[in-house]
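For reference, the structure discussed in these notes is given below.
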Amino acid sequence: MRPLTLLDSISAVGPAEAGHVVVTGSHGGLAAARFVLAQASPPHAVIFNDAGVGKDAAGIVGLSLLQEIGVIAAACSHHSARIGEAAETLDSGVLSHLNPLARAAGLRDGMPVRAAVAALGATPLADDAPADTPRAAARPRS
Numbered sequence: 002m003r004p005l006t007l008l009d010s011i012s013a014v015g016p017a018e019a020g021h022v023v024v025t026g027s028h029g030g031l032a033a034a035r036f037v038l039a040q041a042s043p044p045h046a047v048i049f050n051d052a053g054v055g056k057d058a059a060g061i062v063g064l065s066l067l068q069e070i071g072v073i074a075a076a077c078s079h080h081s082a083r084i085g086e087a088a089e090t091l092d093s094g095v096l097s098h099l100n101p102l103a104r105a106a107g108l109r110d111g112m113p114v115r116a117a118v119a120a121l122g123a124t125p126l127a128d129d130a131p132a133d134t135p136r137a138a139a140r141p142r143s
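The opening residue of the sequence shown carries number 2 in my numbering; numbering runs sequentially from there.
Okay, structure coming up:
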């Protein structure tokens, strides 16, 4: 099992998230990816918001950059979760874009973020939480 961390902003990612599954409310663009790329030991996986994708796929370009360093990366549709809210992403997000590592891990377009987190083996918050409904292993951080 891997820890699950919720970050409203990926700018808060740090050494404590090494090996974690991170769900963030941030877009998956270049600026966001740089925070993960800067980590000596990055998270195992990061799920972003596609932020509408944008011109030249600017809202998801970070997924391919994280692929290059071995990080599973995906984005949920901006229609399914509010940008900037990690808990909303976990609760109602639906995957819209994935890097090849995410596909190899069994994630699929249209998959609820909560199911994706479970497929990645994230740890539930409470011992009594059903195995198919993971929650944040630590308090959500902004």
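Every residue, glycine too, gets a C-beta built ideally from N, C-alpha and C.
- Item | Segments of 3+ residues assigned as beta strand (DSSP E) that fall wholly inside the segment 66-114 | 73-77 and 96-99
- Task: Would you kindly work out how many angstroms separate the C-alpha atoms of Gly-85 and Lys-56, rounded to a whole number?
- Result: 20 Å
- Cα separation between Ala-138 and Ala-59? Residue confidence for Ala-138 is low, a pLDDT of 45 falling below 50, so the modelled location carries little weight and cannot support an answer.
- Message: Distance check for Gly-20 and Val-37, CA to CA, integer angstroms please.
- Response: 12 Å
- Cβ of Gly-71 within 7 Å of Cβ of Ser-81? no
- Task: Check the DSSP bridge columns for Ala-46 and list the partner residues they point to.
- Result: Val-22 and Ile-73
- Since Leu-31 is in the beta strand (DSSP E), which residue starts that stretch and which ends it? Counting along the chain, Leu-31 falls outside any beta strand (DSSP E), though it belongs to the alpha helix (DSSP H) covering 31-38.
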